[in-house]
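Numbering (numbering that gives the first Met the number 0), first residue to last: 0 to 254.
Positions of the beta carbon are idealized from the N, C-alpha and C atoms, including for glycine.
Encoded as structure tokens, the structure appears first; notes follow it.
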Amino acid sequence: MYVERPPEPDLAGRIACVWHQVSEADSTQLVVPDACVDLIWGPEGLFVAGPDTGPMPTPMAAGDTFAGIRFRPGAAGDVFGVPLSDLRDQRVPLSDLPALSDLRDERVPLVDLPALSDLRALSVPGCEPRLGARLAAMRWAVRHRLARSATVDPAVPAVATALRRGRTVAEVARDLGLSERQLHRRSVSAFGYAPKTLQRIVRFQRALRLARAGVPLAEVAVTAGYADQAHLSHDVKRLSGVAMGHLVSPARATA
């Protein structure tokens, strides 16, 4: 079972959601690119899931529990202490990220009553109270880092918004008063991707949302900005490794 909750208001500008998942059976979870970065506490400990450019099959055993905090695209800034391009397509243990030593060294409060109360309110079978403590510790660490890290490049939200609206890379650069080379450099730093890769992933996620809402694939292709349905199918297979029909089934894949 996978559950998302919105972040607290003070984190909403940087954090997309707080989530947890309990595996009900041995399975392989297919994670597909969404331009986000997650801080995750899983069975093997704490790690960062960097921005993906392709499918990431994740084996899960029955009873495995994961808790995560998902950063919005481009919103992580220097929270992790390394360029996001260094985390691209990687799952990096916290032992390799000195900037998050506060959490790794367990100098964080492991009990947070509001967080535990939130967890109980979800009424998720099989969730133990310690999961709430993990989420509380992670939120504490994220706040701690955000308070001490540099602000996000002010151009970053505009880049993501413009690409979601179907603007081309050249148009985005012109709108922001940047050369395409400058936009490339700032995009790689903020998102972990070049602008064209980011554009492809943003378009893919829009198509996935539409398809999961029941929109016919021919209409999905037009609305999401693909040349045609064949273009949509090719891009989906390239980014996820499977056909759209596989992704639309929530039992099979989670973005």
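Does DSSP classify residue i as helix, strand or coil?
| i | result |
| --- | --- |
| D234 | helix |
| V36 | strand |
| R13 | coil |
| E43 | coil |
| P92 | strand |
| L109 | Confidence at L109 is low in this model, with a pLDDT of 43, below 50, so the placement of that residue is unreliable and no value is reported for it. |
| A48 | strand |
| V171 | helix |
| V81 | coil |
| V158 | helix |
| V151 | coil |
Give a yes or no on whether the C-beta atoms belonging to residue i and residue j are separated by under 8 Å.
| i | j | result |
| --- | --- | --- |
| G224 | P54 | no |
| P50 | L10 | no |
| L96 | V47 | yes |
| F79 | G41 | no |
| A193 | E179 | no |
| G62 | A149 | no |
| L231 | V219 | yes |
| R71 | I14 | yes |
Let's see if you can read the secondary structure: which residues bound the beta strand (DSSP E) around residue i?
| i | result |
| --- | --- |
| R69 | T64 to F70 |
| R164 | Run containing R164: none; DSSP gives neither H nor E here. |
| Q28 | S26 to V30 |
| E3 | Y1 to R4 |
Where do the ends of the alpha helix (DSSP H) carrying residue i lie?
| i | result |
| --- | --- |
| P58 | Not the alpha helix (DSSP H): P58 falls in the beta strand (DSSP E), residues M55 to M59. |
| T196 | P194 to R211 |
| G244 | M243 to V247 |
| E218 | L216 to A223 |
With a threshold of 16 other CB atoms inside 10 Å of the CB of residue i, please say whether the residue is buried or exposed.
| i | result |
| --- | --- |
| A189 | buried |
| Q198 | buried |
| S94 | exposed |
| H19 | buried |
| T167 | exposed |
| G73 | buried |
| P32 | buried |
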